[in-house]
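Comments concern the structure below.
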Amino acid sequence: MSVEAKKETRGFQTEAKQLLHLMIHSLYSNKEIFLRELVSNASDAVDKLRFEALSNDSLFENDSDLKVTVEFDKEAGTVTVSDNGIGMSRDEVIENLGTIAKSGTSQFFQNLTGDQKKDAHLIGQFGVGFYSAFIVAKEVEVFTRRAGSAASEGVHWTCTGEAEFTVENIEREQRGTTIVLHLKDDEKDFADNWRLRSIIKKYSDHISIPVTMQKVNYDVADDESDKPAKDAAPEYETINSATALWTRSRSDVSDDEYKEFYKHVSHDHADPVVWSHNKVEGKLDYTSLLYVPAKAPFDMYNRDAARGLKLYVQRTFIMDDAEQFLPLYLRFIKGVVDSNDLSLNVSREILQQDPNIDAMRSALTKRVLDMLAKMAKSDAEKYATFWKEFGQVLKEGPAEDFTNREKIAKLLRFSTTHTDKPDQDQSLEDYVSRMKPEQKKIYYVAADNFNTAKSSPHLEIFRKKGIEVLLLSDRIDEWLMGHLVDFDEKSFQDVGKGALDLGELDSEEEKKAQEESAKAHADLIERVKKALDGKVSEVRVTHRLTDSPACLVVSEQDMGAQMRRLLEQAGQAVPESKPIFEMNPEHPLLRKLDQEPDEDRFVDLAQVLFDQAHLAEGGQPHDPALYVQRLNKLLLELSH
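Using the UniProt record's numbering, the first residue of the sequence shown is number 1, and each one after it goes up by one.
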């Protein structure tokens, strides 16, 4: 393959171009993170070589001294980061450096505000990586060769951070990657021995691969001490601890070190909310270091997106995104698990068949839930921040994890009529603590949004009696309640489903009055049923309403209105069912309806009440135009 024939200039993917511009202009307040990101990537490349070499040790190419090297040239104004890791082929260079192969990219750019400070936080959720080099560099060159390939298959990539980059094949004896940053004129102070060392110690001390720099010459004047000795073979020294952080004792690791390690494993820009570091010895030997991020990634609701923990076996990297160790509803957790009980040649297929994995998954799941429970108890404000980001994902838990359903239920947060605020800040334990002595059930109403839930006519009798109701408005809520059977031996009851039985919350007098009302209005019930023929399964006197004339109720076995609308919007088939029409005979409109002698007018009034009941629960009339015609007709009659 001819080297000369392979040089070409290419344009960046549109999103990469936007990210480059944003990176250069938004992260000005923390420029030194470029070194953290490049060293972190280099460390990953070394980890990947080590893993691939498990099955093919020729990839070491007689050089098993794995390391990352940082160099600088003050006169030339360059900083160089090199590794002898896995390296990249030409196709990998174009794929990895010319595009952003990450789900959620489009949504990321839709969320950009133009406010540099806010957008910098968004970058934190997206990750920064290689492109951070352009924060300080006017030009970046990459020299690389994939381990195991011929020297003639080296690749040279260069870019000035604009719309294009060039890529060509070169001769390269050394496997791995060398990145040369040509610093901007006002960033040349980064080409400094002490500054680079301090950044490495600050951000990369935890990395298990040695990060080396040329030894300082202490025998010359201070202003010459960071220059290499002339005509002398350079000597290098390790700057970082080069010990896997998770293998150290918790008492030996500072909070800052934990935070920096999180940024290394997650490629996140922000600090984690909380973490748990644990060593297990006994039947199984493994160490875990688990983190809760501060912000949800943009692909959080894509259940097929890459997720999981970094897996190490006996401190040897095996894979990123090992999803077998945590259930899907905890897919936001980042971190590391290092086991002594798995084989070094483990693969994703073997992981699925290993009984040790099931035991570790169960233990790690409980550890995460305990970590969240501890945060909820000790710092309600911090937990509220967590819930805002990840609450809807956690709501998937009761359906997926029967064993831990009670633990998950305690972590759930809801809006309720106790506060009537949209903030989901009330726990089920809070609700139960406020229940009336004679109350046997936990009541809830589900709607498409908070205001519709809060204003639901189904709440009228509950507000009158001072009974608290959960206000559910997340898309997942009705599905959640289908799997959350009970809590603290109290069953859940949808206030918009079935016949409302308040049990001991109703007095004998109230129950008797309900029966008498149904008998007294039997004729009205029949007339309304005839007027709504084919639209309802039943018409009955209500026990729920105190202020509204009518409402729609779903039968006990039918799908709720919120779930029906979601399935319809998704184009899914929905089981056919008709609602129950409940009317309040004490309401002035119903009294007027009962006295209406004109049957056509009676039908119009009954149909308007039926359509209004649809509107009150967040739905819409089946025939909006006909509803408007009827309403206009009635309004005109009132004006005469």
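Heads up, the beta-carbon is just placed ideally off N, CA and C, and yes, glycines get one too.
Cut-off 8 Å between Cβ atoms - residues of its own chain near GLU596, not counting five sequence neighbours on either side
For this step, residue 596 is matched to residue 596 along the sequence shown. Excluding residues up to 5 positions away in sequence, PHE602 and LEU605 lie with their Cβ nearer than 8 Å to the Cβ of GLU596 in the same chain.
For the alpha helix (DSSP H) holding HIS614, just list the boundary residues, first then last.
Counted from its first residue, the sequence shown places residue 614 at position 614. Segment 599-616, the alpha helix (DSSP H) holding HIS614.
Roughly how many angstroms separate the alpha carbons of ALA221 and GLU237, rounded to a whole number?
Along the sequence shown, read from residue 1 onward, the residue named residue 221 stands at position 221. Along the sequence shown, read from residue 1 onward, the residue named residue 237 stands at position 237. The predicted model places ALA221 with a pLDDT of 48, which falls under 50 and marks its position as unreliable; any figure quoted below should be read in that light. Going by the C-alpha atoms only, they are around 20 Å apart.
Cβ neighbours of residue 648 in the same chain (closer than 8 Å, five flanking residues each side left out):
Residue 648 lies beyond the stretch modelled for the chain, which goes from 1 to 640, so this question has no answer here.
Along the chain, where does the alpha helix (DSSP H) that runs through SER82 open and close?
Your numbering for residue 82 matches position 82 in the sequence shown. Segment 78-83 is the beta strand (DSSP E) holding SER82; no alpha helix (DSSP H) there.
Look at the Cβ atom of PRO585, then the Cβ atom of ASP594, and state whether they are nearer than 9 Å.
The residue labelled residue 585 in the question sits at position 585 within the sequence shown. The residue labelled residue 594 in the question sits at position 594 within the sequence shown. In this structure, PRO585 places its C-beta atom within 9 Å of the C-beta atom of ASP594.
Cβ neighbours of LEU330 in the same chain (closer than 6 Å, five flanking residues each side left out)
The residue you call residue 330 lines up with position 330 of the sequence shown. Excluding residues up to 5 positions away in sequence, VAL368 lie with their Cβ nearer than 6 Å to the Cβ of LEU330 in the same chain.
Cβ pair residue 641, GLY335 closer than 9 Å:
Residue numbering for the chain in the displayed model covers 1 to 640; residue 641 lies beyond these limits and cannot be assessed.
Exposed or buried, PRO297, counting other C-beta atoms within 10 Å across all chains shown (16 or more means buried)?
One-based indexing of the sequence shown puts residue 297 at position 297. Buried, because 16 or more other Cβ atoms sit within 10 Å of the Cβ of PRO297.
Who are the Cβ neighbours of PHE51 in its own chain at under 8 Å, not counting the five residues just before and after it?
As a working note, residue 51 is residue 51 in the sequence shown. Taken in chain order, the residues that qualify are THR316, PHE317, ILE318 and MET319.
Per-residue burial, ASN632 [other beta carbons within 10 Å of its own, 16 or more giving buried]:
Indexing the sequence shown from 1 puts residue 632 at position 632. Of the other Cβ atoms in all chains shown, fewer than 16 fall within 10 Å of the Cβ of ASN632; this residue is therefore exposed.
Supposed close pair ARG475, LEU566 - CB separation, criterion 8 Å:
Taking the first residue of the sequence shown as position 1, residue 475 is located at position 475. Taking the first residue of the sequence shown as position 1, residue 566 is located at position 566. Going by Cβ atoms, the distance from ARG475 to LEU566 rounds to 6 Å, so yes, they are a contact pair.
For SER548 and GLU460, believed in contact at Cβ under 8 Å, the rounded distance
As a first step, residue 460 is located in the sequence shown; it is residue number 460 there, counting from the start. As a first step, residue 548 is located in the sequence shown; it is residue number 548 there, counting from the start. The beta-carbon separation of GLU460 and SER548, rounded to 6 Å, stays under the 8 Å limit for a contact.
What is the C-beta distance between ASN240 and ILE207, in whole angstroms, given that I count them as a contact (C-beta under 8 Å)?
Sequence index remark: in the sequence shown, residue 240 carries index 240 (1-based). Sequence index remark: in the sequence shown, residue 207 carries index 207 (1-based). Yes, they are in contact, since the Cβ atoms of ASN240 and ILE207 sit about 6 Å apart, within 8 Å.
Contact check, SER82 vs THR158, beta carbons under 9 Å
Numbered from 1 along the sequence shown, position 82 holds the residue referred to as residue 82. Numbered from 1 along the sequence shown, position 158 holds the residue referred to as residue 158. Not a contact, by the Cβ cut-off of 9 Å.
Element boundaries [beta strand (DSSP E), containing GLY335]:
Looking up residue 335 in the sequence shown gives position 335. Element bounds for GLY335: 334-339.
Are the segment 518-532 and the segment 495-506 touching, with three or more C-beta to C-beta distances below 8 Å?
Counting C-beta pairs with one atom in each stretch, the segment 518-532 and the segment 495-506 have fewer than three that are closer than 8 Å, which means they do not touch.
Integer-rounded CB distance, given that LYS497 should sit under 8 Å from VAL554
Within the sequence shown, the letter at position 554 stands for residue 554. Within the sequence shown, the letter at position 497 stands for residue 497. That pair is a contact at about 5 Å.
Among PHE190, ARG544 and ASP44, whose alpha-carbon lies nearest the alpha-carbon of ILE33?
For the purposes of this step, residue 33 is identified with residue 33 of the sequence shown, where counting begins at 1. Looking at the Cα atoms, PHE190 is the closest of the given residues.
Please report the Cβ distance between LEU183 and ALA137, rounded to the nearest whole angstrom; I am assuming they are in contact, meaning their Cβ atoms lie under 8 Å.
Walking along the sequence shown from the start, residue 183 turns up at place 183. Walking along the sequence shown from the start, residue 137 turns up at place 137. Taking C-beta atoms under 8 Å as the contact rule, LEU183 and ALA137 qualify, at a distance of about 6 Å.
Between the Cα of GLU171 and the Cα atoms of ALA550, GLY154 and LEU638, which residue gives the shortest distance?
In the sequence shown, counting from the first residue as 1, residue 171 sits at position 171. Taking only the C-alpha atoms, the option nearest GLU171 is GLY154.
Does the count of Cβ pairs from the segment 85-92 and the segment 238-257 closer than 8 Å reach three?
No contact exists between the segment 85-92 and the segment 238-257.
I'd like to know whether the C-beta atoms of VAL539 and ILE525 end up nearer to each other than 9 Å.
Numbered from 1 along the sequence shown, position 539 holds the residue referred to as residue 539. Numbered from 1 along the sequence shown, position 525 holds the residue referred to as residue 525. In this structure, ILE525 lies closer than 9 Å to VAL539 by Cβ.
Residue interval of the beta strand (DSSP E) (run including SER491):
For the purposes of this step, residue 491 is identified with residue 491 of the sequence shown, where counting begins at 1. Where SER491 is concerned, the enclosing beta strand (DSSP E) starts and stops at 490-494.
Inter-residue Cα distance where the pair is GLN55 and ALA322
Residue mapping note: residue 55 aligns to position 55 of the sequence shown, counting from 1. Residue mapping note: residue 322 aligns to position 322 of the sequence shown, counting from 1. The question names Gln, but residue 55 in the sequence shown is Ser. About 19 Å.
C-beta atoms of PHE402 and LEU472 nearer than 9 Å
The residue labelled residue 402 in the question sits at position 402 within the sequence shown. The residue labelled residue 472 in the question sits at position 472 within the sequence shown. Contact: no.
Is the beta carbon of LEU545 less than 9 Å from the beta carbon of HIS587?
As a working mapping, residue 545 is identified with position 545 in the sequence shown. As a working mapping, residue 587 is identified with position 587 in the sequence shown. Between LEU545 and HIS587, the CB-CB gap stays under 9 Å.
Along the chain, where does the alpha helix (DSSP H) that runs through SER276 open and close?
Looking up residue 276 in the sequence shown gives position 276. Premise fails: SER276 lies in the beta strand (DSSP E), 274-280, not in any alpha helix (DSSP H).
Whose C-alpha, out of THR80, TYR291, ARG145 and LYS592, is nearest the C-alpha of GLU92?
The residue labelled residue 92 in the question sits at position 92 within the sequence shown. The shortest C-alpha separation from GLU92 is found at ARG145.
Pull the bridge partners of PHE487 from the DSSP assignment, please.
On the sequence shown, residue 487 is found 487 positions in, with the first residue counted as 1. In the DSSP secondary-structure assignment, PHE487 is bridged to LYS490.
Out of LEU636, ALA573 and GLN514, which one is the CA nearest neighbour of GLU582?
Residue mapping note: residue 582 aligns to position 582 of the sequence shown, counting from 1. Taking only the C-alpha atoms, the option nearest GLU582 is GLN514.
Cα separation between ARG630 and LEU638?
Against the sequence shown, residue 630 aligns to sequence position 630. Against the sequence shown, residue 638 aligns to sequence position 638. C-alpha separation (whole angstroms): 13 Å.
Rounded to whole angstroms, what is the Cα-Cα separation between LYS519 and LYS511?
Reading the sequence shown from its first residue, position 519 is the one you call residue 519. Reading the sequence shown from its first residue, position 511 is the one you call residue 511. Those two C-alpha atoms are separated by around 13 Å.
Does DSSP classify SER415 as helix, strand or coil?
Residue mapping note: residue 415 aligns to position 415 of the sequence shown, counting from 1. Residue state, collapsed to three classes: strand.
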